[in-house]
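Numbering (the working numbering), first residue to last: 897 to 1072.
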């Protein structure tokens, strides 16, 4: 993005943390669109891009989303919250496997791109997967062919969490 210093991909991967406290500073629409463009550059089955992005700025809707996310209040406290949805109509050429797997992979890849791009621009995010899908669908008036898979609040971080340990890589690699 023009005028913004960007970090390298490895620094973004190693430095990204889940942020649950945000400053009240706004994020402009241009930045949100840029991050969603980065999200949509993620791989997708057959390049069908079976994902939709719902950008929420409305404070009342964010509060409802926080309640649907089992009281995770930081969802409402971020200046922007994005709900990442699978789009079943777009994945239809792949049938049942497309609906049950490929569109979930498509959305997951998009979320990760979004998280890393946001971190590279100095923004904080948190991937929220614990929520009542039916309630989120109602709140956002989603279509029957849309399934919410992730809620991602985004804003300027008001905290700097330390990194959490990882399992020794040798324990989770199998060489055949």
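Beta carbons are placed, not taken as given, at the ideal position from N, Cα and C, and that holds for glycine.
Since this is a predicted model, take the numbers as computed values, not measurements.
| query | result |
| --- | --- |
| Three-state class that DSSP yields for residue 1049 in the structure shown | strand |
| Counted within 10 angstroms of its Cβ, other Cβ atoms place residue 904 as buried (16 or more) or exposed | exposed |
| Straight-line Cα distance separating residue 1040 from residue 960 | 20 Å |
| Any 3 or more C-beta pairs closer than 8 Å across the region 1005 to 1023 and the region 1051 to 1071 | yes |
| Closest residue to residue 1022 among 929, 972, 955 and 957 (Cα-Cα distance) | 972 |
| N- and C-terminal bounds of the alpha helix (DSSP H) containing residue 999 | 999 to 1016 |
| For residue 967, the nearest candidate out of 949, 925 and 1027 (CA to CA) | 1027 |
| 8 Å contact criterion, which residue 983 and residue 999 should meet: CB distance rounded | 7 Å |
| DSSP beta-bridge partners of residue 918 | 1053 |
| Proximity to residue 1120 [Cα-Cα], best of 943, 917, 944 and 949 | In the structure as shown, the chain starts at 897 and stops at 1072, and residue 1120 therefore has no counterpart that could be examined. |
| Identity of the residues DSSP links to residue 1021 by a beta bridge | 914 and 1050 |
| Nearest-angstrom beta carbon gap, residue 928 and residue 951 [assumed within contact, 8 Å] | 6 Å |
| Same chain only: Cβ atoms within 8 Å of residue 1042, ignoring 5 sequence neighbours per side | 948, 981, 982, 983, 984 and 1033 |
| From 1037, 969 and 993, residue whose alpha carbon lies closest to that of residue 918 | 969 |
| For residue 939, the three-state DSSP class (helix, strand or coil) | coil |
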